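Q: So the sequences go chain by chain: G and D. Add 3 to a position in the first sequence, counting from 1, and you land on the number used in my numbering. Add 5 to a position in the second sequence, counting from 1, and you land on the number used in my numbering. From the three backbone atoms N, C-alpha and C, an ideal C-beta is built for every residue, glycine too. Bear in mind the structure is a predicted one, so any value in this text is a computation, not a measurement.
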Amino acid sequence: MSRHMRSNKPLLSVRDLVVEFSTERGLVRAIDGISFDVMHGETMGLVGESGCGKSVTSLAILGLIPSPPGRITAGSIQLNGRELVGLPESEYRRIRGSEISMIFQEPMTALNPVFTIASQMTDVLRRHQKIRGKQAKNRAIEMLELVGIPSPDKRINEYPHQLSGGMRQRVMIAMALSCNPKLLLADEPTTALDVTIQAQVMEQIVKLQHELGTAVVLVTHDLGVVAESCQRAVVMYAGRIVEQAPIIPLFKNPQHPYTAGLMASIPKIRTDKVLELPTIPGTVPDLLHLPEGCRFADRCQYSDDRCHKEQPNNQRKDNREVACFHPCEEA
Amino acid sequence: MSVLLEVKNLKKHFPIHGGLFHRVVGQLKAVDDVSFVLDKGKTMGLVGESGCGKSTLGRAVLRLHEPTDGTVILDGVDITKLESKALVDARKDMQIIFQDPYASLSPRRTIQQTLLEPLETHHIGTAKSRQQKIEELLDIVGLRKHVLHRYPHEFSGGQRQRIGIARALTLEPKFIVADEAVSALDVSVQSQVLNLISNLQKTLGISFLFISHDLAVVQHISDDVGVMYLGRLVEKATTTSLYSEPRHPYTKALLSAIPIPDPTIKNQRQILKGDVPSPLNPPSGCTFRTRCPEAMDICAAKVPLQVEVGSKNEPHWVACHLYEPS
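1. Sorted by chain position, which residues of the same chain lie with C-beta nearer than 7 Å to Pro106 of chain D's C-beta, five sequence neighbours on each side aside?
2. So Gln207 of chain G is in the alpha helix (DSSP H); what residue range does that whole segment cover?
3. Report yes if the CB atom of Gly3 of chain G is closer than 8 Å to the CB atom of Phe24 of chain G, and no otherwise.
4. Can you say whether Met4 of chain G is buried or exposed, counting buried as having 16 or more other CB atoms within 10 angstroms of its CB?
5. When the Cα of Ile144 of chain G is compared with those of G:Gln132, G:Gln234, G:Met205 and G:Arg158, which residue comes out closest?
6. How about Ser268 of chain G and Ile250 of chain G: do their beta carbons lie closer than 8 Å?
7. In chain order, what residues of the same chain have a beta carbon less than 7 Å from the beta carbon of Phe39 of chain G, not counting five sequence neighbours either side?
8. By Cβ distance, which residues of its chain are closer than 6 Å to Gly84 of chain G, with the 5 residues on each side in sequence left out?
9. Three or more C-beta pairs closer than 8 Å, one from the stretch 217-233 of chain G and one from the stretch 185-199 of chain G: is that the case here?
10. Between the alpha carbons of Leu82 of chain G and Asp19 of chain G, how many angstroms are there, rounded?
11. Within 8 Å, do at least three Cβ pairs link the stretch 224-234 of chain G to the stretch 46-53 of chain G?
12. Where does Asp184 of chain D land, buried or exposed, given buried means 16+ other C-beta within 10 angstroms?
13. Closest by CA to Ala177 of chain G, which one among G:Met105, G:Met266 and G:Gln132?
14. Give me the Cα-Cα distance between Cys303 of chain G and Pro260 of chain G, rounded to the nearest whole angstrom.
15. Against chain B, does Asn318 of chain D count as a neighbour if the rule is that its beta carbon must be under 8 Å from one of theirs?
16. What in chain D is Cβ-close to Lys271 of chain G, meaning under 7 Å?
17. I need the straight-line Cα distance from His7 of chain G to Pro254 of chain D, nearest angstrom please.
18. Between Leu92 of chain D and Leu43 of chain D, is the Cβ-Cβ spacing less than 8 Å?
19. In this structure, does DSSP put Thr223 of chain G in helix, strand or coil?
20. Suppose contacts are defined by Cβ-Cβ distances below 8 Å. Is Glu11 of chain D in contact with Ile78 of chain D by that definition?
21. Bridge partners of Phe293 of chain D, per DSSP?
22. Suppose contacts are defined by Cβ-Cβ distances below 8 Å. Is Lys16 of chain D in contact with Gly53 of chain D by that definition?
23. Thinking just about the alpha-carbon of each residue, which of G:Ala195, G:Gly44 and G:Arg99 is nearest to the one in Ala3 of chain G?
24. Please list the partners that Ser161 of chain D has in chain G, where partner means a Cβ-to-Cβ separation under 7 Å.
25. I need the DSSP call for Cys295 of chain G, collapsed to helix, strand or coil.
26. Across the stretch 23-39 of chain D and the stretch 186-200 of chain D, are there enough close Cβ pairs to call them in contact, namely three or more that are closer than 8 Å?
27. Counting only Cβ-Cβ distances shorter than 8 Å, please list the residues of the stretch 188-211 of chain G near chain D, keeping chain order.
28. Buried or exposed: His225 of chain D, going by 16 or more other Cβ atoms within 10 Å of its Cβ?
29. Please indicate yes or no: does the CB of Asp321 of chain G lie closer than 7 Å to some heavy atom of the ligand MG?
30. Please list, in chain order, the chain D residues whose beta carbon lies closer than 8 Å to that of His224 of chain G.
31. Quickly, what does DSSP pair Asp74 of chain D with across the bridge? List them, please.
32. Which residues does DSSP list as the beta-bridge partners of Val281 of chain D?
33. Counting only the same chain and skipping the five closest in sequence on each side, list residues whose C-beta sits under 7 Å from that of Gly169 of chain G.
34. Hey, Val86 of chain G and Ser79 of chain G are a contact pair by Cβ (cut 8 Å); roughly how many whole angstroms apart?
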């Protein structure tokens with residue numbers, strides 16, 4: 004399969020996106036003005052803890068924000084220069100599955116339990132690629148083989164419950180990539196899997212991404228997975244992007260105190276035993292009662308009066324961006 | 006160091022019903038012949054992938070699952086032989102912290118009610134002393150007194166897990182099973198709770214059986230670590246010895262599968278083939294042989310025995326034919 008055209012223009016461009024949900028307790032701004040780009044063929048990590056807005060971001064890109072209660076209230080999402088916000092559902096359907104594909108966290112709920120793998124995979128091909136019958140089935144088998152499913156010609160006639168968790172996730176990947184999408188959104192694709200299976204699935208995603216030239220947005224809370232498979236990462240906190248940078252400088256020298264704290268507190272296999280694990284004190288603020296200034300200020304050891312009063316803007320410097328008044332210096 | 010808990014040849018088999026008359030057609034060997042010893046004030050980590058039987062083992066030790074066979078001796082008392090009344094008394098010494106802080110606290114009870122219940126059930130102290138006790142406990146787990154009249158939904162995951170820990174501590178147990186106690190938490194909160202648990206262990210001298218799928222978490226908190234695969238312990242050692250010199254091919258693969266949060270290191274990963282086989286129909290001999298890169302003929306024929314490979318200070322055994330003296 005051929006590599007896609009590479010250009011300097013981003014494949015996906017998100018600008019000042021705001022997503023709000025109306026709840027019983029009031030209006031929640033799950034995403035508050037985020038901007039980022041994804042280049043052709045790149046793997047980008049979207050990192051943050053639960054409730055930071057990373058999954059809402061990927062749903063917004065897919066046009067899947069449940070409405071009501073959710074709504075994109077401002078900003079734009081452009082795919083290859085085409086505006087996606089406000090696109091009618093019929094148009095969006097043509098894009099989902101063919102230009103943008105997705106893999107979800109829990110493959111059992113993403114696959115339909117009453118249809119065989121074959122019927123679900125050929126359905127996608129029939130809709131988007133206009134191939135059907137024997138030809139579609141052969142293409143589906145080919146895809147299953149590509150994601151490393153043993154004896155795909157037999158497996159394809161099975162139902163989702165007959166497959167293990169790792170297998171189901173491979174089927175999801177095969178299905179997501181069967182129409183050669185330009186962008187793959189993978190939302191916590193390995194979180195529900197065991198480490199040995201996670202290693203198999205991540206290897207598969209990285210391999211296919213190289214072969215097919217698909218750009219991948221990897222939504223995850225696991226910084227280890229990001230370090231091993233992404234070229235760039237965006238770190239989110241309480242609905243905002245706090246930092247974005249290429250992966251090596253990001254891990255070597257995290258500039259936002261939150262990124263630094265997050266990296267320090269990952270449990271990792273250590274050669275020397277530490278008595279106390281580094282932590283970030285406190286908890287994530289409630290999205291209904293956000294602080295006036297920087298959202299991380301209450302938990303930040305460097306915060307001062309200004310941090311509590313003003314929201315820091317993004318500062319851009321050699322390929323990286325950080326939203327902080329007191330970014331950590333070069334180590 | 007005195008022994009607190011001794012588990013001998015513990016088995017938990019679940020019957021499988023099937024056929025026309027719902028007869029027992031097979032046995033699922035969730036825990037199969039597991040033995041280990043836990044010293045006072047120590048923590049043993051138990052790692053393995055989903056379905057390996059680690060949670061069942063934790064529950065069988067507490068008799069939350071009735072063991073099929075084997076003995077569990079806690080502080081000189083054989084738990085498996087106790088009658089119901091004596092068992093209730095023995096339960097004071099053994100507690101459990103569950104994985105899901107959202108499901109393990111009753112949503113209709115205030116924190117005060119939840120924390121007082123164990124003390125009331127066991128008729129410990131007066132109303133006043135009970136109140137004082139639970140206030141102390143909140144302080145220990147890092148929550149303020151005014152939370153007592155709140156309900157679980159008002160707390161974050163990390164705070165709920167602290168309440169779960171406080172509940173486990175009310176009866177001053179000698180032994181706590183922590184079943185994936187931090188797995189549902191975000192990393193920044195996870196490390197807070199881990200620090201809390203390791204402080205409790207030091208200050209109160211409680212022994213923990215710490216069950217987790219996360220090897221990094223287990224390394225931090227444990228003195229000894231056991232690795233489980235399909236219902237059996239395949240390797241057990243001191244934490245230092247296990248992580249610096251893993252012997253079982255499964256332990257090696259598990260360790261190498263962990264993603265390293267450093268993009269400059271290229272992980273020389275050994276990726277295991279295939280999935281964990283169904284415990285309904287486990288492979289003969291060594292159950293790991295179907296995925297093992299080192300499998301030999303003997304592995305299918307014989308169940309490997311425990312072989313001591315460590316030293317006096319760093320005991321370490323492994324159940325693998327590679328290490329059996331020929």
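A: Checking against the coordinates, here is how it stands:
1. Translated into positions along the second sequence, residue 106 of chain D becomes position 101. Here the set comprises Gly162, Arg165, Gln166, Gly169 and Ala189.
2. Residue 207 of chain G sits at position 204 when you count from the first residue of the first sequence. Per DSSP, Gln207 of chain G belongs to the alpha helix (DSSP H) from Val198 to Leu215.
3. Past the edges of chain G, shown from 4 to 334, lies residue 3 of chain G, and the structure says nothing about it.
4. What you label residue 4 of chain G is simply residue 1 of the first sequence in a count that begins at 1. Below a pLDDT of 50, predicted positions are generally treated as unreliable, and Met4 of chain G, at 39, falls in that range; no measurement from the model is reported.
5. Translated into positions along the first sequence, residue 144 of chain G becomes position 141. For Ile144 of chain G, the nearest C-alpha among the options comes from G:Arg158.
6. Here the question's residue 268 of chain G lines up with position 265 in the first sequence. Here the question's residue 250 of chain G lines up with position 247 in the first sequence. Contact: no.
7. Taking the first sequence and counting its residues from 1, the one referred to as residue 39 of chain G is at position 36. The residues are Val17, Val237, Ile244 and Gln247.
8. Translated into the one-based positions of the first sequence, residue 84 of chain G becomes position 81. Nothing listed; no residue qualifies.
9. yes
10. Residue mapping note: residue 82 of chain G aligns to position 79 of the first sequence, counting from 1. Residue mapping note: residue 19 of chain G aligns to position 16 of the first sequence, counting from 1. Taking the straight line from one Cα to the other gives about 15 Å.
11. yes
12. Counting from 1 along the second sequence, the entry for residue 184 of chain D is found at position 179. Label assigned to Asp184 of chain D: buried.
13. Within the first sequence, the letter at position 174 stands for residue 177 of chain G. Out of G:Met105, G:Met266 and G:Gln132, G:Met105 has the C-alpha closest to the C-alpha of Ala177 of chain G.
14. Stepping through the first sequence from its first residue, residue 303 of chain G is reached at position 300. Stepping through the first sequence from its first residue, residue 260 of chain G is reached at position 257. Cα to Cα, Cys303 of chain G sits roughly 7 Å from Pro260 of chain G.
15. Among the chains of the structure shown, chain B does not appear; the protein chains present are G and D.
16. As a first step, residue 271 of chain G must be located in the first sequence, where it is residue number 268. Going along chain D in sequence order, the residues near Lys271 of chain G (Cβ under 7 Å) are Ala221 and Pro266.
17. Here residue 7 of chain G corresponds to residue number 4 of the first sequence, with the count starting at 1. Here residue 254 of chain D corresponds to residue number 249 of the second sequence, with the count starting at 1. Reliability of the predicted coordinates at His7 of chain G is poor, the pLDDT of 48 falling under 50, and the value obtained from them is presented with this limitation in mind. The straight-line gap from Cα to Cα measures roughly 41 Å.
18. Against the second sequence, residue 92 of chain D aligns to sequence position 87. Against the second sequence, residue 43 of chain D aligns to sequence position 38. Their beta carbons are not under 8 Å apart, which means Leu92 of chain D does not touch Leu43 of chain D by this criterion.
19. Locating residue 223 of chain G in the first sequence gives position 220, where the first residue counts as 1. Strand, per DSSP.
20. Position 6 of the second sequence, counting from 1, holds the residue named residue 11 of chain D. Position 73 of the second sequence, counting from 1, holds the residue named residue 78 of chain D. Taking 8 Å as the Cβ cut-off, Glu11 of chain D and Ile78 of chain D qualify as a contacting pair.
21. The sequence position of residue 293 of chain D within the second sequence is 288, counting from 1. In the DSSP output, where bridge partners are listed per residue, Phe293 of chain D has none listed.
22. One-based indexing of the second sequence puts residue 16 of chain D at position 11. One-based indexing of the second sequence puts residue 53 of chain D at position 48. No, Cβ-Cβ distance for Lys16 of chain D and Gly53 of chain D is not below 8 Å.
23. Lying before the first or after the last residue shown, residue 3 of chain G is absent from chain G, which here runs from 4 to 334.
24. Numbered from 1 along the second sequence, position 156 holds the residue referred to as residue 161 of chain D. Within chain G, the residues near Ser161 of chain D are Thr286.
25. Within the first sequence, numbered from 1, the residue matching residue 295 of chain G stands at position 292. Contrary to the premise, residue 295 of chain G reads as Glu rather than Cys in this sequence. Coil, per DSSP.
26. no
27. Asp197, Val198, Thr199, Ile200, Gln201, Ala202, Gln203, Met205 and Glu206
28. The count along the second sequence starts at 1 and reaches residue 225 of chain D at position 220. The residue in question, His225 of chain D, is buried, as its Cβ has 16 or more Cβ neighbours within 10 Å.
29. Ligands are entirely absent from the displayed structure, and the ligand MG is therefore not among its contents.
30. On the first sequence, position 221 is the one that residue 224 of chain G refers to. Under the 8 Å cutoff, chain D gives Asp191 and Val192.
31. To locate residue 74 of chain D, count along the second sequence from 1; it is residue 69. According to DSSP, Asp74 of chain D bridges with D:Lys16.
32. Here residue 281 of chain D is taken as the residue at index 276 of the second sequence, counted from 1. None; Val281 of chain D has no bridge partner.
33. The count along the first sequence starts at 1 and reaches residue 169 of chain G at position 166. Same-chain partners within the cutoff: Leu196, Ile200, Gln203 and Val204.
34. In the first sequence, counting from the first residue as 1, residue 86 of chain G sits at position 83. In the first sequence, counting from the first residue as 1, residue 79 of chain G sits at position 76. Per the sequence presented here, residue 86 of chain G reads as Glu, with Val not at that position. Yes, they are in contact, since the Cβ atoms of Glu86 of chain G and Ser79 of chain G sit about 6 Å apart, within 8 Å.
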